[in-house]
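*Asks:*
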Amino acid sequence: MIRLEKVTKIYPSGSAPAVNGVDMEVPQGEICVVIGPSGCGKTTLMRMINRLISITTGSIFIEGNNILGMDPIELRRSIGYAIQQIGLFPHMTVHDNIATVPRLLKWESQRIRRRVDDLLELVQLDPAIFRNRYPRELSGGQAQRVGVARAMAVDPPVMLMDEPFGAIDPINREGLQDEFLKIQSQVRKTIVFVTHDIHEAIKMGDRIALLDAGSLVQYATPEELLTAPKNQFVKDFVGADRALKRLDLLKVQDAMLVNPVHCNNTDPASEVAGRMQEKGLNYLLVCDADDHLKGYVTLRDIFDHTGKISDRVKPMTLTVRPNQNLKDALSKMLTYDIGIVVAVDDAGRLKGVLNTMTLASVIGQTYDEQGGRWGKVSAGGKIL
Amino acid sequence: MKTNASRSSVSYGWTMAGMMSAFAVGAYFEHLGFFKFALKNPDEIWKLFLEHIHLVLVSSAISISIGLPLGILLTRGFIRRYRDWILNLLGICQTVPSLAVIAISMTYIGIGRKTAIFALVIYGLLPIIRNCVAGLAGVDPVILDAGRGMGMNPRQLLFRVELPNALYVILAGIRTSTVINVGTAAMSFLVGGGGLGDLIFSGIAMVDAGYMLAGAVPTAALAIFMNWFFGKVEHWVISPGLVYTGAPATGR
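Residue numbers (my numbering), protein chains in the order written: chain X, 15 to 398; chain V, 460 to 711.
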């Protein structure tokens, strides 16, 4: 846990404080993204945490200990540090780079070697191939992974990352972010993450601290920042399309209709047709006895059929997963020009359906400046 | 493979050209009476040669052991701010002719081997300090920040990050200093320091080309050997991760 109390930095050369009375707390195991326009003091704030920059007034506590009471060298060894330009030592191999802090802490070489191999595997680089390479023999993405591995070398509970994915092209950046989130879900570090990219902030952050001219404007979850921006500055910063950005945050399961109407594979066709007519349905989802999605039937297909439903079922190829984000789901629906998409879990069991109506109402739920709601959707996904 | 083949054919060409010119030079030297003299007085030449090596090694060793710490000191703390001034000043000092340096030291210390070594140390110091300062100044600030941020203390940062990365430039300074030193050491004869300068200056005074060459050829050979030797040293001690491209090393 990191706690900042009235942290202020005034450089001798400048009159205005670079960081002005920032109060915030990063809970254990969460990523706190510090974001703001350039020159807002976000990097200064981060570098004060490992005392690369001295604090003018205020105090910072890590796990309850005031950092001013610690030896700065010891403090830095206990905090993982990754920077935008990566800063791998060009004269050292990948192994030696990752071993930097373990060596400073005088680990024995056997233990260092094991740790390096474990870390390389964690960041998905084959130790046998990469252990003895030099930084100049790595691609940007590989170097970045090594940088992250180096920052995690002694398993520090707290990590500072200054735009660690800033120098990577957008396609690889997405992948690295996903991988890093996966790693984070295993290791649960307390991370202060500096970026200027609002997309990255929303994706990576459990909390976002928005700075402007050294002051903390809003400190909230990404959800809250998008739905309840505190003032015009926050609104402008997160962008006019913040309603769409929420689609990144929400999962299919937050918006789908659960327990949709469906019939069983083995039901007699004529009976089902009768029920469909009764309820005015043109098509119906079909499952087997264990709720595995088999496909769908249209009323016209089974109207005059006397056998089982399974004879006439049409397969459904386009499905989404409940834990996929809404942006991907919507993108699929627009690409294939369909108004409805079915959500199935990894085993293929029917979980729910998503249509444009429910989607729009979820987006509109908390964000609708024009007025006119289509309905409120509860967490379960049923239209009330 | 193609580049390899063309490179080896180029080096083959150079070897041939070198051998042919060596033959031509040898024939000309024979004409001047060099070999006749050298064969007649091998002990004399050998003694002066050893003296010369002694002068060079002692003065270079002192230059290095003073120059490196001084160069490092000039990049520490507040002095860092005056780095460019220092580099310019050292550059200007380097323009003083070596003969003048030897003459000035003679005025204060008198004649003898000590004077010669003192003058050689002073003259050899400048390239070492200058390259040491320039090399350390050229280390990418990003990797320094990374080292500091991971908890290296200033001494660890110097020995584990700064020096290994500045090594190419620092060694180039030592190489330049030593090779120049071999030539300058010939002048120590003028202040009674001995060495191959004895043969060279006597040869000039007597207008005896053979005599003069008996000093000049071993001096040149020694300089070439030193240059080759430091090239090898660079190869041994500089990390293969550093490919020197003329630009300061970057973090990636």
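C-beta atoms are modelled at their ideal positions from N, C-alpha and C, and glycine is treated no differently.
Met671 of chain V CB to nearest chain X CB: under 8 Å?
*Replies:* Stepping through the second sequence from its first residue, residue 671 of chain V is reached at position 212. Judged by the 8 Å Cβ criterion, Met671 of chain V is not in contact with chain X.
*Asks:* According to DSSP, Cys277 of chain X sits in a beta bridge with which residue or residues?
*Replies:* Against the first sequence, residue 277 of chain X aligns to sequence position 263. Paired residue(s): X:Val300.
*Asks:* In the DSSP assignment, the beta strand (DSSP E) including Thr204 of chain X goes from what residue to what residue?
*Replies:* Counting from 1 along the first sequence, the entry for residue 204 of chain X is found at position 190. 204-209 is the span of the beta strand (DSSP E), which, as asked, contains Thr204 of chain X.
*Asks:* With a threshold of 8 Å between beta-carbons, can Leu630 of chain V be considered close to chain X, or not?
*Replies:* Position 171 of the second sequence holds residue 630 of chain V. No, no contact with chain X.
*Asks:* Distance cutoff 8 Å, beta carbons only. Does Met166 of chain X sit that close to anything in chain V?
*Replies:* The residue given as residue 166 of chain X occupies position 152 in the first sequence. Chain V, which has no Cβ nearer than 8 Å to the Cβ of Met166 of chain X, makes this no.
*Asks:* Can you give the beta carbon distance from Lys286 of chain X to Val327 of chain X, rounded, assuming they're within the 8 Å contact cut?
*Replies:* Numbered from its first residue, the first sequence carries residue 286 of chain X at position 272. Numbered from its first residue, the first sequence carries residue 327 of chain X at position 313. Sequence check: residue 286 of chain X is Val here, not Lys. That pair is no contact at about 11 Å.
*Asks:* According to DSSP, is Pro26 of chain X helix, strand or coil?
*Replies:* Taking the first residue of the first sequence as position 1, residue 26 of chain X is located at position 12. In this structure, Pro26 of chain X counts as coil in the three-state DSSP scheme.
*Asks:* Excluding the five sequence neighbours on either side, which residues of its own chain have a C-beta within less than 6 Å of the C-beta of Glu693 of chain V, listed in chain order?
*Replies:* Start at 1 with the first residue of the second sequence, and residue 693 of chain V comes out as number 234. Around Glu693 of chain V: Leu630.
*Asks:* Which residues mark the beginning and the end of the beta strand (DSSP E) in which Phe75 of chain X is found?
*Replies:* Residue numbering aside, residue 75 of chain X sits at position 61 when the first sequence is read from its first letter. From DSSP, the beta strand (DSSP E) with Phe75 of chain X extends over 71-76.
*Asks:* For Asn624 of chain V, go through chain X and note every residue whose CB falls closer than 9 Å to its CB, in chain order.
*Replies:* If you number the second sequence from 1, residue 624 of chain V lands on position 165. Correct list: Phe103, Pro104, His105.
*Asks:* So Gly43 of chain X and Lys203 of chain X are supposed to be a Cβ contact under 8 Å. How far apart are they, rounded?
*Replies:* As a working note, residue 43 of chain X is residue 29 in the first sequence. As a working note, residue 203 of chain X is residue 189 in the first sequence. Right, their Cβ atoms sit about 7 Å apart.
*Asks:* Return the first residue and the last residue of the beta strand (DSSP E) that Arg221 of chain X is part of.
*Replies:* Counting from 1 along the first sequence, the entry for residue 221 of chain X is found at position 207. From DSSP, the beta strand (DSSP E) with Arg221 of chain X extends over 221-226.
*Asks:* Apart from the five residues on each side of it in sequence, which residues of its chain come closer than 6 Å, Cβ to Cβ, to Gly530 of chain V?
*Replies:* On the second sequence, residue 530 of chain V is found 71 positions in, with the first residue counted as 1. Excluding residues within five positions, the ones whose Cβ falls inside 6 Å are Ile588, Cys591, Val592.
*Asks:* So, helix, strand or coil for His306 of chain X, using DSSP?
*Replies:* Locating residue 306 of chain X in the first sequence gives position 292, where the first residue counts as 1. Strand at His306 of chain X.
*Asks:* Identify which residue in V:Ser636, V:Val515, V:Met646 has its Cα closest to the Cα of Gly526 of chain V.
*Replies:* Walking along the second sequence from the start, residue 526 of chain V turns up at place 67. The shortest Cα separation from Gly526 of chain V among V:Ser636, V:Val515, V:Met646 belongs to V:Ser636.
*Asks:* Give every residue of the same chain whose Cβ lies closer than 8 Å to the Cβ of Pro51 of chain X, excluding the five residues on either side of it in the sequence, and list them in chain order.
*Replies:* Numbered from 1 along the first sequence, position 37 holds the residue referred to as residue 51 of chain X. The answer, listed in chain order, is His210, Asp226, Phe251.
*Asks:* Ala234 of chain X lies in the beta strand (DSSP E); which residues open and close that run?
*Replies:* Working through the first sequence from its first residue, we reach residue 234 of chain X at position 220. From DSSP, the beta strand (DSSP E) with Ala234 of chain X extends over 229-234.
*Asks:* Would Thr372 of chain X pass as an interface residue toward chain V - the criterion being a Cβ-Cβ separation below 8 Å?
*Replies:* Walking along the first sequence from the start, residue 372 of chain X turns up at place 358. With 8 Å as the cut-off, Thr372 of chain X does not count as an interface residue toward chain V.
*Asks:* Give the secondary structure of Val598 of chain V by DSSP, where H, G and I count as helix, E and B as strand, and everything else as coil.
*Replies:* In the second sequence, counting from the first residue as 1, residue 598 of chain V sits at position 139. Here Val598 of chain V sits in coil by DSSP.
*Asks:* Taking only three categories from DSSP, how would you classify Leu546 of chain V?
*Replies:* Residue numbering aside, residue 546 of chain V sits at position 87 when the second sequence is read from its first letter. Leu546 of chain V falls in the helix class under three-state DSSP.
*Asks:* Put Val692 of chain V into one of helix, strand or coil per three-state DSSP.
*Replies:* As a working note, residue 692 of chain V is residue 233 in the second sequence. Three-state result, Val692 of chain V: helix.
*Asks:* Can you find at least 3 beta carbon pairs, one from the segment 84-93 of chain X and one from the segment 171-178 of chain X, that sit closer than 8 Å?
*Replies:* Output reads yes: the segment 171-178 of chain X touches the segment 84-93 of chain X.
*Asks:* Taking the C-alpha atoms as reference points, what is the distance between Lys189 of chain X and Val137 of chain X?
*Replies:* By one-based count along the first sequence, residue 189 of chain X stands at place 175. By one-based count along the first sequence, residue 137 of chain X stands at place 123. Residue 189 of chain X is actually Gly in this sequence, not Lys. Their Cα atoms are separated by approximately 12 Å.
*Asks:* Output, in chain order, the set of chain X residues within a Cβ distance shorter than 7 Å of Asp604 of chain V.
*Replies:* What you label residue 604 of chain V is simply residue 145 of the second sequence in a count that begins at 1. The contacting residues are Ile97, Gly101.
*Asks:* Give me the chain X residues within the contact set of Gly597 of chain V, using Cβ-Cβ distance strictly less than 8 Å, ordered along the chain.
*Replies:* As a first step, residue 597 of chain V is located in the second sequence; it is residue number 138 there, counting from the start. Within 8 Å Cβ-Cβ: nothing; Gly597 of chain V doesn't reach chain X, min ~12 Å.
*Asks:* Output the distance between the C-alpha atoms of Asn296 of chain X and Met290 of chain X, rounded to the nearest integer angstrom.
*Replies:* The sequence position of residue 296 of chain X within the first sequence is 282, counting from 1. The sequence position of residue 290 of chain X within the first sequence is 276, counting from 1. The alpha-carbon atoms of Asn296 of chain X and Met290 of chain X are separated by roughly 7 Å.
*Asks:* Alpha carbon to alpha carbon, how far is Leu134 of chain X from Ile49 of chain X? Give it in angstroms, no decimals.
*Replies:* Within the first sequence, numbered from 1, the residue matching residue 49 of chain X stands at position 35. Within the first sequence, numbered from 1, the residue matching residue 134 of chain X stands at position 120. Straight-line Cα distance between these residues: approximately 29 Å.
*Asks:* Cβ of Ile602 of chain V within 8 Å of Cβ of Val628 of chain V?
*Replies:* Your numbering for residue 602 of chain V matches position 143 in the second sequence. Your numbering for residue 628 of chain V matches position 169 in the second sequence. For Ile602 of chain V and Val628 of chain V, no; Cβs fall outside 8 Å.
*Asks:* In the DSSP assignment, what are the bridge partners of Cys46 of chain X?
*Replies:* The residue you call residue 46 of chain X lines up with position 32 of the first sequence. Beta-bridge pairing links Cys46 of chain X to X:Val206, X:Arg221.
*Asks:* In whole angstroms, what is the alpha-carbon distance linking Gly710 of chain V and Val160 of chain X?
*Replies:* Along the second sequence, read from residue 1 onward, the residue named residue 710 of chain V stands at position 251. Along the first sequence, read from residue 1 onward, the residue named residue 160 of chain X stands at position 146. Caution is warranted here: a pLDDT of 40 is assigned to Gly710 of chain V, below 50, making its placement in the model unreliable, and no coordinate value can be reported.
*Asks:* Taking the alpha-carbon of Leu498 of chain V as reference, which of V:Ile545, V:Ile633, V:Tyr670 has the nearest alpha-carbon?
*Replies:* Here residue 498 of chain V refers to the residue found at position 39 when the second sequence is read from its first residue. Minimum Cα distance to Leu498 of chain V is reached at V:Tyr670.
*Asks:* Check the Cβ of Ser698 of chain V against every Cβ in chain X and list those closer than 8 Å, keeping chain order.
*Replies:* Stepping through the second sequence from its first residue, residue 698 of chain V is reached at position 239. Ordered by position in chain X, the residues that pass the 8 Å Cβ test against Ser698 of chain V are Pro104, His105, Met106, Tyr148.
*Asks:* On a Cα-Cα basis, can you pick out the residue from X:Lys265, X:Leu368, X:Ile212 that is closest to Leu239 of chain X?
*Replies:* Indexing the first sequence from 1 puts residue 239 of chain X at position 225. Closest option to Leu239 of chain X, Cα to Cα, is X:Ile212.
*Asks:* Pro282 of chain X: which of X:Val208, X:Phe317, X:Lys259, X:Ile216 sits nearest, CA to CA?
*Replies:* As a position in the first sequence, residue 282 of chain X is number 268, starting the count at 1. Taking only the C-alpha atoms, the option nearest Pro282 of chain X is X:Phe317.
*Asks:* Please check if any C-beta of chain V sits within less than 8 Å of the C-beta of Val48 of chain X.
*Replies:* The sequence position of residue 48 of chain X within the first sequence is 34, counting from 1. No, no contact with chain V.
*Asks:* My guess is that Asn337 of chain X and Leu264 of chain X are in contact by the Cβ rule of under 8 Å, so how many angstroms apart are they, rounded?
*Replies:* Walking along the first sequence from the start, residue 337 of chain X turns up at place 323. Walking along the first sequence from the start, residue 264 of chain X turns up at place 250. The Cβ separation is near 11 Å, so there is no contact.
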